[in-house]
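Okay, structure first, notes after.
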Amino acid sequence: MQASQFIQIIKNEFESGVKDHMPEWSIAYQLINLREVHSPQLTTDQTLIIEALVFITSHRIQHGKLTLRYVENFPSLKFDKEQIKSVETFVKELDNVWLTAKFYDVLWSNMSEKKADYIMNCVSAYIRFPLVEILHTIEYWERGLFLAGTAKLKQQQSLIVGTLIQEALNNNNSFVIVRMLNQHKLLGMYAIELVDVLKSQIKNEIQKRGHWIAVEYWNLILDMGNKYNSLKSKKSSYIQSKAHALCSLAEHNKKINNIHVASDNYREAVIGLKSLSNDYKISHNIDEEIQKIERNLVDLRLQIEEQFKKIAQPIKVDISKEVEIAEDLIQGENLEELLQIPDLEYRHFYKVQRRVHKKEGGSFLNHLIGGSSYSDNDGRVLGTFDSTSEEVKKIECYRMLIEYSGKQAASYILPALRKFKKIKSLDEEEFYKLARSCSMVPDDQKRLMGKALWHGYREDFSTSIMLLCPLVESILRNILKESDIPTVDIDRVSESEKSMNKLLDIAKEKKILNQEVIFKIEAIFVSNFGLNFRNKVAHGLVSDNSASSLYATYVWWLCLKWVIIYSPGG
């Protein structure tokens, strides 16, 4: 093939590739196809040139690393140092900015050809990349900046920074440029001016791309505020402006019924506003803004609750066999018969969780999502964790216990209790005697424990749960005291009882209670991710439904079981 024709064919491939913004991924394949199509016409030298170009174009930029990553899609193709001169001559004749930059980059960065001309030619080529559509070429400008810094080419480094800053100040691709330069903390004396440019663009960007882009702009401006002293005095106003952008985004998401995302937007706005100094809050009426957003959040939680109700579908389950088994256990002689009802412990839930995790752990969806988020029944976000974390494993065990406790109450506990009451009737005094015989119940609360168990026996579980929650905490405190472990926190001005979570940590550390008991107390009484009965009772958050639910039935039966077990002859 004639040299001029060969050059033109190759030139066409590179020009179309750069124009399509896909040179990193397409040109090597296109060159291989070109070699196959024109193989009969190519000279040996031309074939070697194509193979060298395939090798060069198979290298990818790695951010923050000097060497380029070689993608071995065509491992049989090599580029020997003996070919450098001939390929360099061809590259210069072709005069394609992308190929020139990549050629000298491969030589200097990967092939250890550390000639001054090579790095100068490489950086000069990266500086020639077009600024018109810099979103597609910014990584090449950044590569040029990185190489100039590595090779200590201060003049070229200043030229790149100056060119890009001037482009940004001219309102051209300002966000893309400023974001890249800000990552390297290179905005310097232009930081204030560039913030003004970004702020002036937000309104138009919202019209073109939507409210989400305004949040991204303010995230960038806030990051600049953290890096440059000249902007730190304005950081509070940036936080407030970002909160306004988040609220606008939340309103947009509400309109399209994206309720959960809108809630996240409002929450992020509140967190930002609460981080402001007291002086700024007072001078800018921030507390009033926070209250307004929180009212919006309350409305959204109600909508989320309604969505849950619409989605939730009752499932009919045949429990006749379980009911029959439960009734067969009861002879009506004494309350200990209720303890024959089967129950699962922590180790059982943990085994199931581990089996499920092993089955789903490698799934694409699991890796794609990465995190697990949890909400309360009223839509409040409880927390988000990595899907593989120990916290998630424990929460999943809590959730399994919750589901299990409801099924046990319906299938076994209530049928067994009702049959027992048909055969034998007990009064409150019987339960007081039972509580009095249990050493772990404090002496001054035995009557209360008797009442709590008696109300549950009468199927008044709402009254029972209100008494049992504080009593379980008191019993835990009493067990530690009996083991000579202090349960009081002491500071300079006062002494106060340790929280239930602290008590459980001590019981776990000192091995006062076994893992099975601690797990159930955590899941039922204190964890936000479990039933959380103790805290909900303490803060008046228990509803009519939850207080008389199947879960409350299980709690009553569990406490009855513990009292009987820890009584003489239990």
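Under our numbering, the first residue of the sequence shown is numbered 14, with each subsequent residue one higher. Each residue gets a CB set at the ideal place from its N, CA and C atoms; glycine is no exception.
Shortest Cα-Cα distance from V311 to any of E346, V539, H273 involves H273.
According to the DSSP secondary-structure assignment, T397 is paired through a beta bridge with S386.
Sixteen is the threshold: when 16 or more other Cβ atoms of the shown chains lie within 10 Å of the Cβ of E486, as they do, the residue is buried.
The straight-line gap separating the alpha-carbon atoms of S400 and A536 is approximately 19 Å. Given a length threshold of 4 residues, each whole run of the alpha helix (DSSP H) inside the segment 272-352 is given here in chain order: 272-287, 291-296, 299-324, 333-342. Here A565 is near I478, since their CB atoms are less than 7 Å apart. When the alpha-carbon of I151 is set against those of N185, N134, A560, the nearest one is in N185. Per DSSP, I503 is one residue of the beta strand (DSSP E) stretching across 501-503. Ranked by Cα distance from I531, the options D504, Q18, I488 are led by I488.
Between the segment 514-525 and the segment 335-348 there are fewer than three inter-stretch CB-CB distances shorter than 8 Å, so the stretches are not counted as touching. Here H370 carries a helix assignment [DSSP, helix/strand/coil]. Under the three-pair Cβ rule at 8 Å, the segment 490-503 does not count as touching the segment 552-562. The DSSP assignment places 459-470, 474-495 as complete runs of the alpha helix (DSSP H) inside the segment 444-516, in order along the chain (cut-off: 4 residues). Here DSSP, grouped into helix, strand and coil, assigns H51 to coil. The shortest C-alpha to C-alpha distance from I173 to any of I503, V228, G201, V136 is the one to V136. For A129, the uninterrupted alpha helix (DSSP H) run begins and ends at 129-140, by DSSP.
Proximity to S39 across H72, Q21, I20, D58 peaks at H72, based on C-alpha coordinates.
Look at H361 here: in three-state DSSP terms it is helix.
Annotation: the continuous alpha helix (DSSP H) that includes V191 extends over 187-196.
Under the Cβ criterion (8 Å, minimum of three pairs), the segment 216-236 counts as touching the segment 253-263. Taking G419 as the centre and dropping the five residues before and after it, the same chain places the C-beta of S562, L563, Y564, Y567 closer than 8 Å to its C-beta, in chain order. The beta carbon of D389 sits closer than 7 Å to the beta carbons of L395 from its chain, once the five residues preceding and following it are set aside; these are given in chain order. The distance from the Cβ of L44 to that of V67 is about 5 Å, consistent with a contact at the 8 Å cut-off.
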